[in-house]
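Peer 1:
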Amino acid sequence: MNAMDVSLICKALGDSNRLQIVGLLTKGEMCACKLLEHFQITQPTLSHHMKILTECGLVKSRKEWKNTYYSLNCDVLTAFRSFIDSLNCGPACYRKAEPCSDKDGNGADR
Numbered sequence: 001m002n003a004m005d006v007s008l009i010c011k012a013l014g015d016s017n018r019l020q021i022v023g024l025l026t027k028g029e030m031c032a033c034k035l036l037e038h039f040q041i042t043q044p045t046l047s048h049h050m051k052i053l054t055e056c057g058l059v060k061s062r063k064e065w066k067n068t069y070y071s072l073n074c075d076v077l078t079a080f081r082s083f084i085d086s087l088n089c090g091p092a093c094y095r096k097a098e099p100c101s102d103k104d105g106n107g108a109d110r
């Protein structure tokens with residue numbers, strides 16, 4: 001997963017409604033009408049959120065007659081989680097920066 005993919009997913013998850021939608025989809029595929037029952041938003045607003053989630057790849061959709069069903073794209077979610085897991089800071093969390101060399105004695109380069 002490249003940095004652009006990760007940034008799109010992070011941006012998508014930066015909205016609390018979309019984060020809650022992903023949480024609901026961890027339980028399995030859901031119809032848009034069932035997702036809508038969990039929010040106080042309109043159907044067009046839900047469609048907007050689902051478009052963002054599908055465009056970043058986190059969510060898949062399928063049409064069945066008049067209904068749209070959504071599910072998590074587990075391959076993308078797994079790759080995203082692996083990227084996040086790789087961001088362990090280890091020693092970097094505790095290492096202080098080296099002091100800057102200053103030319104005038106006040107700690108700042110001029």
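Residue 42 in UniProt numbering sits at position 42 of the sequence shown; the count goes up by one each step and never skips.
Don't be surprised by glycine CBs; every beta carbon is placed ideally from N, CA and C.
Find the nearest neighbour of Leu-46 within the set Asp-75, Asp-15 and Tyr-94, judged by alpha-carbon distance.
Peer 2: When only C-alpha atoms are compared, the closest one is Asp-15.
Peer 1: Exposed or buried, Leu-19, counting other C-beta atoms within 10 Å across all chains shown (16 or more means buried)?
Peer 2: It is exposed - the Cβ of Leu-19 has fewer than 16 other Cβ atoms within 10 Å.
Peer 1: To which residues of the same chain is Ala-79 closer than 6 Å at the C-beta, ignoring the five residues directly before and after it?
Peer 2: Here the set comprises Met-1.
Peer 1: Helix, strand or coil for Ile-68, going by three-state DSSP, please let me know.
Peer 2: Residue identity check: residue 68 is Thr in the sequence provided, not Ile. In the structure shown, Thr-68 sits in a strand (DSSP, three-state: E or B).
Peer 1: Do you know how far the Cα of Ile-41 is from the Cα of Tyr-69?
Peer 2: Near 18 Å, if we compare the C-alpha coordinates of Ile-41 and Tyr-69.
Peer 1: Helix, strand or coil for Arg-18, going by three-state DSSP, please let me know.
Peer 2: Here Arg-18 sits in helix by DSSP.
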